[in-house]
Amino acid sequence: MTRNREVDLIRLKGHLKALRLPTIQAECVKLAQECLSGGVDHLGFLLRVCELELIERERKAAARRLKAAALPAIKLISEFDFTAQPTINRLLVLDLMRCEYLNRRENVLLIGTSGTGKTHIATSLAVEACSQGKRVRFYRVTDLVTQLLEAREERQLSRIRGQLSKLDLLVLDELGYVPMGKAGAELLFDVMSRAYESMSLIVTTNLPFEQWTEVLDNERLTGATLDRLTHRCQIVETGGESYRLKDARRGRRPREVNKPEAESSKGPEQTPVNTGRPGA
Ligand code: ADP
Ligand code: MG
């Protein structure tokens, strides 16, 4: 490389840095050589470096959105075995993966007993939403309620409400596992009510609707919360037999896999789930 060219290259890299084009800065020399040997003209070169920059920007933005979503683990729907949970409406779940419910500000309610794939499906939907450019936040309900109670103590509720209001999708995992008390229920209801028709909620729960009053500690509140949640809502029932348990049983007693269906599918009692609207 001649001295002039070296100086040009240093200046070019300085300009690209000032213009905040790190991918072009890193790749331009290599790509220029490839274009030269491939007979690609200047415009063709410019097009390729711009495309590289945009792809890399989108990749980084998606990674940032995924990090901000604070998912407990990355789960994909391709890892989900629908044949193991025949109760689940596979077509509905796959349709939800297209994320159109987010544009309609609809909610998704996943109901079923523990270990039936509720969090897995909710997380897969959250991952997909992130990759489609949506702002997502995942909370276990108890963690969110604790944060809301603390924020209220410190007069910081408006800060957390401001953060939540920027979301396209709020995932509330494990509603109903732990009673949350009157104050907690009121704060949670407030979050759900602010979300109503301005963003989508995904709620996972092991509670049939009749039992929501016990957890939300207030009949009027529960009615109103359920009303908002289930208005424009897709309900996915995940059933009663734990995948974890089934998996563990398979692992521990491998020979029993070949036992007759009636014998091997005996699982924990299925909790009856009422998927009608409250009071319906
Ligand atoms: P829930 O939230 O209903 O209690 P999870 O979604 O946490 O259940 O599922 C428990 C574990 O079993 C997770 O590791 C999840 O990935 C896995 N799992 C559950 N159902 C399936 C399934 N049908 N196919 C593959 N993995 C599953
Ligand atoms: Mg779960």
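Everything in the sequence shown is counted per this note's numbering, starting at -3 for the first residue and increasing by one.
Using N, Cα and C, we set each Cβ at its ideal position, and we do this for glycine too.
Quantities reported herein were computed from a predicted structural model and do not represent experimental measurements.
Asked	Found
Please write down, chain order preserved, every residue whose beta carbon lies under 6 Å from a heavy atom of the ligand MG.	Lys114, Thr115, Asp169, Glu170 and Thr200
I want to check one thing, is the minimum distance from the CB of Gln81 to the heavy atoms of the ligand ADP below 6 Å?	yes
So Leu92 and Lys130 are in contact, right, with Cβ under 8 Å, and what is the actual spacing, rounded?	So it is not a contact: roughly 13 Å between Cβ atoms.
What span of residues does the alpha helix (DSSP H) with Phe41 cover, start to end?	His38 to Ala65
Does DSSP classify Asp169 as helix, strand or coil?	strand
Which same chain residues, not among the five before or five after Leu197, have their C-beta less than 7 Å away from its C-beta?	Asn103, Leu166, Leu168, Met188, Ala191 and Leu225
Please determine whether the Cβ atom of Gly235 lies at a distance below 6 Å from any heavy atom of the ligand ADP.	no
Report the residue from Leu183, Leu42 and Asp223 whose alpha carbon sits nearest the alpha carbon of Leu27.	Leu42
Report back the beta-carbon spacing between Leu140 and Leu184 to the nearest angstrom; my notes put them in contact at under 8 Å.	7 Å
Out of Arg1, Ala64 and Val36, state which residue places its alpha-carbon closest to the alpha-carbon of Leu160.	Ala64
Do Leu105 and Ala118 count as a contact pair if the criterion is CB distance below 7 Å?	no
Going by other Cβ atoms of all chains shown within 10 Å of its Cβ, with 16 needed for buried, is Asp164 buried or exposed?	buried
Buried or exposed for His116, please, with buried defined as at least 16 other CB atoms from any protein chain shown within 10 angstroms of its CB.	buried
Pick out whichever of Ser33, Lys114, Gly108 and His11 has its Cα sitting closest to the Cα of Ile73.	Lys114
On the premise that Ile84 lies in contact with Phe78, defined as a C-beta separation below 8 Å, what is that separation, rounded to the nearest angstrom?	6 Å
Going by the C-beta, is Gly219 closer than 6 Å to any heavy atom of the ligand ADP?	no
Can at least three beta-carbon pairs, one atom from the region 197 to 207 and one from the region 40 to 54, be found at a separation below 8 Å?	no
Mapping the DSSP letters down to three states, classify Asn0 as helix, strand or coil.	helix
Under a Cβ-count criterion, where at least 16 other Cβ atoms within 10 Å of its own Cβ denotes burial, should Ala57 be classed as buried or exposed?	exposed
Distance check for Ala181 and Leu145, CA to CA, integer angstroms please.	10 Å
Using CA coordinates, which residue listed in Val36, Gln29 and Val137 is at the minimum distance from Glu170?	Val137
Given the structure, does Ser110 come close to the ligand COA, in the sense that its CB is under 6 Å from one of the ligand's heavy atoms?	This structure lacks the ligand COA; the ligands present are the ligand ADP and the ligand MG.
What alpha helix (DSSP H) runs, 4 residues minimum, are completely inside the region 136 to 197?	137 to 149, 153 to 161 and 177 to 191
Could you give the DSSP three-state label for Asn103: helix, strand or coil?	strand
Arg133 bridges to which residues according to DSSP?	Leu166
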